[in-house]
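Protein chains: 2
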Amino acid sequence: MMMVRKSKGLGERHQKILDFIASYQREHKHPPSIREIGIHCGISSTSVVNYYLDQLEKNGHLERDRKISRGMRLTGNTPLGDMFRVPVLGVIQAGEPIPIPSSDFNTFTAEDSIEVAMSLMPTKEKGKDLFALKVQGESMIDAMINDGDIVILKPAQDAHNGEMVAVWLSDRNETTLKYYFKEKDGYRLQPANPTMKPIMLKKTEALEIKGKVVMVIRKVDRYN
Amino acid sequence: MMMVRKSKGLGERHQKILDFIASYQREHKHPPSIREIGIHCGISSTSVVNYYLDQLEKNGHLERDRKISRGMRLTGNTPLGDMFRVPVLGVIQAGEPIPIPSSDFNTFTAEDSIEVAMSLMPTKEKGKDLFALKVQGESMIDAMINDGDIVILKPAQDAHNGEMVAVWLSDRNETTLKYYFKEKDGYRLQPANPTMKPIMLKKTEALEIKGKVVMVIRKVDRYN
DNA sequence: ATAATACTCGAACGCCTGTTCTGTGTCAAG
DNA sequence: CTTGACACAGAACAGGCGTTCGAGTATTAT
Chain A
3 MMMVRKSKGL GERHQKILDF IASYQREHKH PPSIREIGIH CGISSTSVVN
53 YYLDQLEKNG HLERDRKISR GMRLTGNTPL GDMFRVPVLG VIQAGEPIPI
103 PSSDFNTFTA EDSIEVAMSL MPTKEKGKDL FALKVQGESM IDAMINDGDI
153 VILKPAQDAH NGEMVAVWLS DRNETTLKYY FKEKDGYRLQ PANPTMKPIM
203 LKKTEALEIK GKVVMVIRKV DRYN
Chain B
3 MMMVRKSKGL GERHQKILDF IASYQREHKH PPSIREIGIH CGISSTSVVN
53 YYLDQLEKNG HLERDRKISR GMRLTGNTPL GDMFRVPVLG VIQAGEPIPI
103 PSSDFNTFTA EDSIEVAMSL MPTKEKGKDL FALKVQGESM IDAMINDGDI
153 VILKPAQDAH NGEMVAVWLS DRNETTLKYY FKEKDGYRLQ PANPTMKPIM
203 LKKTEALEIK GKVVMVIRKV DRYN
C-alpha cells in the first residue's frame, strides 16, 4: 500500500542539505543561498533545492522567510552560534545505576537537553558523544556537587589516575562521583573535598566506570 | 587639529546600526539587508548605510562578504545565537575584596569573558549586568565551590533570606560565599554544605553584600 | 570667507537570488 | 500498458540587494 522510496522521513539528500546549512551558517554566520546549497550538495537546479527546502519546511526542520535572500533558519535542536547541545539522559543518585548513552542517542529524540557554549568546553572534546545527568539528592556532596547540579560526562570504561569519574559499585549498589586512583592493592576513590575520606576498594570489588566528568553546572535559582 | 564630530570612535549612528544588526540576527537568525538597516535606523539612502558599514568594517566591528546579500557578521564580543556574554571581572578569594562591575563595564573592553547559553540562564535575569569571577583557592569549599570554578553573580547590595550571596566582611578582612539569613540578633551565613557550621555575625559587624550567585560553572580538565 | 572634510540623499546599474513553468525519466499501483 | 506520484533539470522572470556615481548640506580648519 504505502510506497517507500528511500526512507520514511528524511532522505539522504534532505540530511545533506540540513548538514550543509548548519555548517555554512556556523562558518559564515549567515545562511547559504539556494544556489550555494545546490552546488555543495550536488544539485544542479535551483528548483530542486527549493523543492527540498519546501519539504524540510513542511517537516518542521526548517523555517523560511520567503522572498528574502538567505531567509532560512534551522529549527529544533540544531544549535546555531557556537554552542553545543548535550542530551540529559536522566538523573544520577547514590542508590541508582547510571544511565549511559545508547547507540542511537543521537537520533531525532527531542528529549531534554542543555546547551553549552563552545568556548566553555574544556580541551577538544567539543561535543563528541557527551551526555549530561542531573544530580538527585545530596549524596555527591563530597564531590562538591549539590542536589540539582548538572554534570556533563564523557563516556568511558576506564580512566587515568586523577580523573573524576562516575562509577557504579555493584557490590555496594552505589553510584558515586570521585577522583579515581589505581593503587597496588585495589582502587582509591578520592572525594573532591580534601577534608573527607576516600573510599578504598579491593581488587575483588566490582567497579564500573561509566564516564569522566567534564563539567559541572549549578543553577542557583532555588530562591524565590 | 584633530576634529571631533560627535565622539571619537563610534558615533550614535554606528552604535545604532550595530545594535540593530545584533537584534535582527538574534530574531531572524540571519543578518539584515542594507535597506532593512536603513529603514530601522532612520537612514533613507542605501549608500549611507553602506558608508557606515564600511567604517564599521574598518574599525573591526564588522566583517562583510561583499557582493553577497546579507553577507555581514559582527565580530568581537557580540555573541550570536542564543547566548550571553558575561565579563570575568577578576578573581574571588578569601582574603581579598570582591571586584564589582564599574559603571562603564559594558564598553568595548574586550577583556576576558565567558559565554553562557541563554537556555541555561535561570529566571529572567537574562544578561542584565551579570558578571563573573574566578574562584581562587579552596576557601569556598564550604559553599561547594572549588578552586578554579567560575561563579556568575548579579550585582546586589542586599538579599532575601536563603539567597546565596558574595559578601565582604571588612571587620574580618574576608570574602566568602554563603547563604544569607537575617536573624534577630544579626546575620547568619550558612554554608551550602549542611555538615559545616554557619558564621554568626552580630549586627555591629560590617557585612557588605556584593552580589547574588546565579550560577556556578566548573570545568573539570585538571587532568592531562 | 574659503577650502577641506564629514555626512546625507537619490537614482541608476547590474548581479544575486527566490520563484515559477515546462519537460524528462523513474518506479509502483491498477 | 497506463496512470500518477515523485525526483530532477533547465530556463526564464521578477524582485531583492549591493554597488557606484553625482550632487547637496553641514561642520571645522585655515
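Sequences listed follow chains A and B, in order.
Under my numbering, think of the first position of the first sequence as 3, with each following residue one higher.
Under my numbering, think of the first position of the second sequence as 3, with each following residue one higher.
Backbone N, C-alpha and C define an ideal beta-carbon position, used for all residues, glycine too.
In this text the structure is predicted, and so the values were computed from the model without any measurement.
Chain-ordered listing is empty here: chain A has no CB closer than 7 Å to the CB of Leu91(B), the nearest sitting near 17 Å. With a threshold of 16 other beta carbon atoms within 10 Å, Asp56(B) falls short and is exposed.
Secondary structure at Arg72(B): coil, using DSSP grouped into helix, strand and coil. Residues are counted here when their Cβ sits less than 9 Å from a Cβ of chain B; for the stretch 39 to 70 of chain A these are Glu65, Asp67 and Ile70, given in chain order. Ala158(B): not part of any beta strand (DSSP E); DSSP gives it neither H nor E. Taking 9 Å as the CB threshold, Gly73(B) lines the interface with chain A. Within the same chain, Asn163 come within 7 Å of Lys184(A) by CB-CB distance, once the 5 residues on both sides are set aside. Note that the C-beta distance between Ile211(A) and Thr178(A) is not below 9 Å. The C-beta of Asp21(A) comes no closer than 9 Å to any C-beta of chain B. The DSSP-derived three-state label of Val51(A) is helix. Contact between Ala134(A) and Val88(A) holds: CB atoms are separated by about 5 Å, below the 8 Å threshold. If you check the CB distance, Leu12(B) and His63(B) come in under 9 Å. Here Lys221(B) is bridged, per DSSP, to Met217(A). Between Ser35(A) and chain B, the shortest Cβ-Cβ separation is below 9 Å. For Glu176(B), the closest alpha carbon among the candidates Ser141(B), Thr48(B), Ala24(B) and His42(B) is that of Ser141(B).
Ile100(A) is the residue among Ile100(A), Asp223(A) and Glu29(A) whose C-alpha sits nearest the C-alpha of Lys156(A). Around Asn175(A), no beta-carbon contact reaches into chain B at under 8 Å, the shortest distance being about 23 Å.
Taking 9 Å as the cut-off, the beta carbon of Gln27(B) is found closer than this to the beta carbon of Leu76(B). In this structure, Ala145(B) places its C-beta atom within 9 Å of the C-beta atom of Asn195(B). For Ala168(A) against Val215(A), the beta-carbon gap comes to about 7 Å, under 8 Å, which counts as contact. Only buried fits Asn148(A), as 16 or more other CB atoms lie within 10 angstroms of its CB. Each residue's CA atom was taken as its position, placing Ser71(A) and Pro33(A) some 9 Å apart. Residue contact check for Ser121(B) against chain A: a CB pair falls below 9 Å.
Residues of chain B whose Cβ lies closer than 7 Å to the Cβ of Arg220(A) are, in chain order, Met217 and Val218. According to DSSP, residue pairing for Ser115(B) in a beta bridge involves Pro89(B). Put simply, the CB of Pro157(A) is far from chain B, with every gap to its CB atoms at 9 Å or more. Taking a beta-carbon distance threshold of 9 Å, Lys205(A) does not count as an interface residue toward chain B. For Glu140(A), the closest Cβ of chain B is nearer than 9 Å. With respect to Leu122(A), Lys221(B) sits close: the two C-beta atoms are nearer than 9 Å. Interface criterion not met: the Cβ of Lys212(B) is under 9 Å from no Cβ in chain A.
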